[in-house]
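Novice: One structure follows; several queries about it will come next.
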Amino acid sequence: MRSKSLTGVLLALYLAVLTWIILFKMQTDWTVLTTGVRTVNLIPFAGALVTNGRANYQEVVLNLVAFVPFGLYLSLLEPRWPARKRLLPGFFTSLAYEVLQYAFALGRSDVTDLLSNTLGVLVGAGLYALLAKRLKEKTRPVLNAAALVCTVLALGFLGVLVGANR
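Counting along the sequence shown from 1, when you hit position 87 you're at 115 in my numbering, and nothing is skipped either side.
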């Protein structure tokens, strides 16, 4: 559980699932992927966030939570990097998802998503910092074990969802 390689594999699995969720909307039937939606919202906390004239922050919270593991994994892989350097890969990954959604008409590109995703990376890096102070040299094994358990549970849950929707 101390292995940096295990952390890298877990990060790769996480990114694969995140890509499936964000770009492919958890679809297994590839013929229905194109939504034909190609919009861009450059005004934070507006546009798609507003439902029936009221702000719906559920999507912001879900985006934030979805990117917390990114901050944790980056921190595990590069614990000596300053926080801003850990934010950049998360920011650019989120930006890439938003650009790809627009380019392939897979959904709505929204600056709010970019901001909440990047905030999630920051929360993950902050959580790592708190845990590292408490756990010291046990940080990597504990977080790798937790990530492994969460990954197995998440993949199992996604498998059940896919199986139930066939």
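For each residue, glycine too, the CB sits at the ideal point set by N, CA and C.
It should be emphasised that the depicted structure is a prediction, and the values quoted were computed from it without experimental measurement.
Please list the segments of the beta strand (DSSP E) lying wholly inside the segment 100–154, counting only runs of 3 or more residues, in order along the chain.
Specialist: Counting only runs of 3 or more, we get 134–138.
Novice: Rounded to the nearest angstrom, what separates A40 and T56 at their Cα positions?
Specialist: Taking the sequence shown and counting its residues from 1, the one referred to as residue 40 is at position 12. Taking the sequence shown and counting its residues from 1, the one referred to as residue 56 is at position 28. Those two C-alpha atoms are separated by around 20 Å.
Novice: To the nearest whole angstrom, what separates the beta carbons of F95 and V149, a pair I think is in contact under 8 Å?
Specialist: Within the sequence shown, numbered from 1, the residue matching residue 95 stands at position 67. Within the sequence shown, numbered from 1, the residue matching residue 149 stands at position 121. Confirmed, about 5 Å.
Novice: If you compare alpha carbons, which of G64, N80, T35, R136 is closest to S103?
Specialist: For the purposes of this step, residue 103 is taken as residue 75 along the sequence shown, with counting starting at 1. Nearest C-alpha to S103: T35.
Novice: According to DSSP, which residues form a beta bridge with V65?
Specialist: Here the question's residue 65 lines up with position 37 in the sequence shown. Looking at the DSSP assignment, V65 forms a beta bridge with L134.
Novice: Starting from the Cα of P169, find the closest Cα among I49, L105, E126 and give me that residue.
Specialist: The sequence position of residue 169 within the sequence shown is 141, counting from 1. Looking at the Cα atoms, L105 is the closest of the given residues.
Novice: For the putative contact between S137 and Y130, defined by C-beta atoms under 8 Å, what is the C-beta separation to the nearest angstrom?
Specialist: On the sequence shown, residue 137 is found 109 positions in, with the first residue counted as 1. On the sequence shown, residue 130 is found 102 positions in, with the first residue counted as 1. Indeed, because the Cβ distance is near 4 Å, the residues count as touching under 8 Å.
Novice: Answer yes or no: do A204 and R82 have a C-beta to C-beta separation smaller than 8 Å?
Specialist: Any answer about residue 204 is impossible in this case: the structure gives the chain only from 29 up to 194.
Novice: Going along the chain, which residues of its own chain have a beta-carbon closer than 6 Å to the beta-carbon of F119, five neighbours each way excluded?
Specialist: In the sequence shown, the residue the question calls residue 119 occupies position 91. Cβ within range, chain order: T146.
Novice: Helix, strand or coil: which one does DSSP assign to A83?
Specialist: Taking the first residue of the sequence shown as 1, we reach residue 83 at position 55. Looking at A83 - three-state DSSP - the assignment turns out to be strand.
Novice: From V37 to S31, what distance separates their C-alpha atoms?
Specialist: Taking the first residue of the sequence shown as 1, we reach residue 37 at position 9. Taking the first residue of the sequence shown as 1, we reach residue 31 at position 3. Answer to the nearest angstrom: the Cα atoms are 10 Å apart.
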